[in-house]
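Peer 1:
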Amino acid sequence: MDLAVLLKCPVCNAVRALDGRRSEYSKQDLYARVKTHLRGHDLNEPKMAIRKYGIVSDATEIVIPSENYQQLPIEEWTERDDTWLPDGSLSGGEGSLSAPESSVEISSR
75 MDLAVLLKCP VCNAVRALDG RRSEYSKQDL YARVKTHLRG HDLNEPKMAI
125 RKYGIVSDAT EIVIPSENYQ QLPIEEWTER DDTWLPDGSL SGGEGSLSAP
175 ESSVEISSR
């Protein structure tokens with residue numbers, strides 16, 4: 075089983091996974107990764123700050139089978155509809171493109 079941290083942009087619905095545990099990333103590191111993505115949305119500074127903090131606070135640590143790890147959007151932000159995520163990996167009960175037998179364990183740490 076592998077661990078990843080899942081980030082979701084509320085502006086464009088893009089997602090990005092980061093390798094490892096949530097505790098391995100400082101808030102500042104996550105803010106920097108999110109800010110780089112949000113620059114493309116042409117938001118003013120207060121709106122960017124609100125979105126940035128929201129994305130980081132909603133970051134979810136997921137546990138997935140090792141054989142599915144390469145399917146995650148690790149390299150860059152990817153449109154949600156264009157990527158695979160395991161079932162249950164996004165809050166709010168949103169669907170995913172994964173196969174029915176695929177599932178995710180959301181870590182409580």
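Residue numbers (the numbering used here): 75 to 183. From the three backbone atoms N, C-alpha and C, an ideal C-beta is built for every residue, glycine too. All values reported here derive from a predicted model rather than from experimental measurement.
Return the CA-CA distance between I129 and D161, expressed in angstroms with no decimal places.
Peer 2: Here the question's residue 129 lines up with position 55 in the sequence shown. Here the question's residue 161 lines up with position 87 in the sequence shown. Cα-Cα distance, rounded: 20 Å.
Peer 1: Return helix, strand or coil for R107, following the three-state DSSP convention.
Peer 2: In the sequence shown, residue 107 corresponds to position 33, counting from 1. Correct three-state label for R107: helix.
Peer 1: What is the DSSP secondary structure of A123, counted as helix, strand or coil?
Peer 2: Counted from its first residue, the sequence shown places residue 123 at position 49. A123 falls in the helix class under three-state DSSP.
Peer 1: Out of R154, R107, P139, C83, state which residue places its alpha-carbon closest to the alpha-carbon of M75.
Peer 2: Residue mapping note: residue 75 aligns to position 1 of the sequence shown, counting from 1. Closest by alpha carbon: P139.
Peer 1: Determine, using beta carbons only, whether D132 and K82 come nearer to each other than 8 Å.
Peer 2: Working through the sequence shown from its first residue, we reach residue 132 at position 58. Working through the sequence shown from its first residue, we reach residue 82 at position 8. In contact: D132 and K82 (Cβ atoms closer than 8 Å).
Peer 1: For E135 and G114, what's the separation of their Cα atoms in angstroms?
Peer 2: By one-based count along the sequence shown, residue 135 stands at place 61. By one-based count along the sequence shown, residue 114 stands at place 40. Rounded to whole angstroms, E135 to G114 spans 25 Å at the Cα level.
Peer 1: For E149 versus A88, is the C-beta spacing smaller than 8 Å?
Peer 2: Mapped onto the sequence shown, residue 149 falls at position 75. Mapped onto the sequence shown, residue 88 falls at position 14. It is not a contact, given that the beta carbons lie outside the stated cut-off.
Peer 1: Taking buried to mean at least 16 other C-beta atoms within 10 Å of its own C-beta, is A106 buried or exposed?
Peer 2: Taking the sequence shown and counting its residues from 1, the one referred to as residue 106 is at position 32. Exposed, since its Cβ has fewer than 16 Cβ neighbours within 10 Å.
Peer 1: Which residue marks the beginning of the beta strand (DSSP E) containing V89, and which one marks its end?
Peer 2: Residue mapping note: residue 89 aligns to position 15 of the sequence shown, counting from 1. From DSSP, the beta strand (DSSP E) with V89 extends over 88-93.
Peer 1: Residues in its own chain within less than 6 Å of R90 by CB, not counting five upstream and five downstream?
Peer 2: For the purposes of this step, residue 90 is taken as residue 16 along the sequence shown, with counting starting at 1. Cβ neighbours of R90 beyond the five flanking positions: L81, P147, W151.
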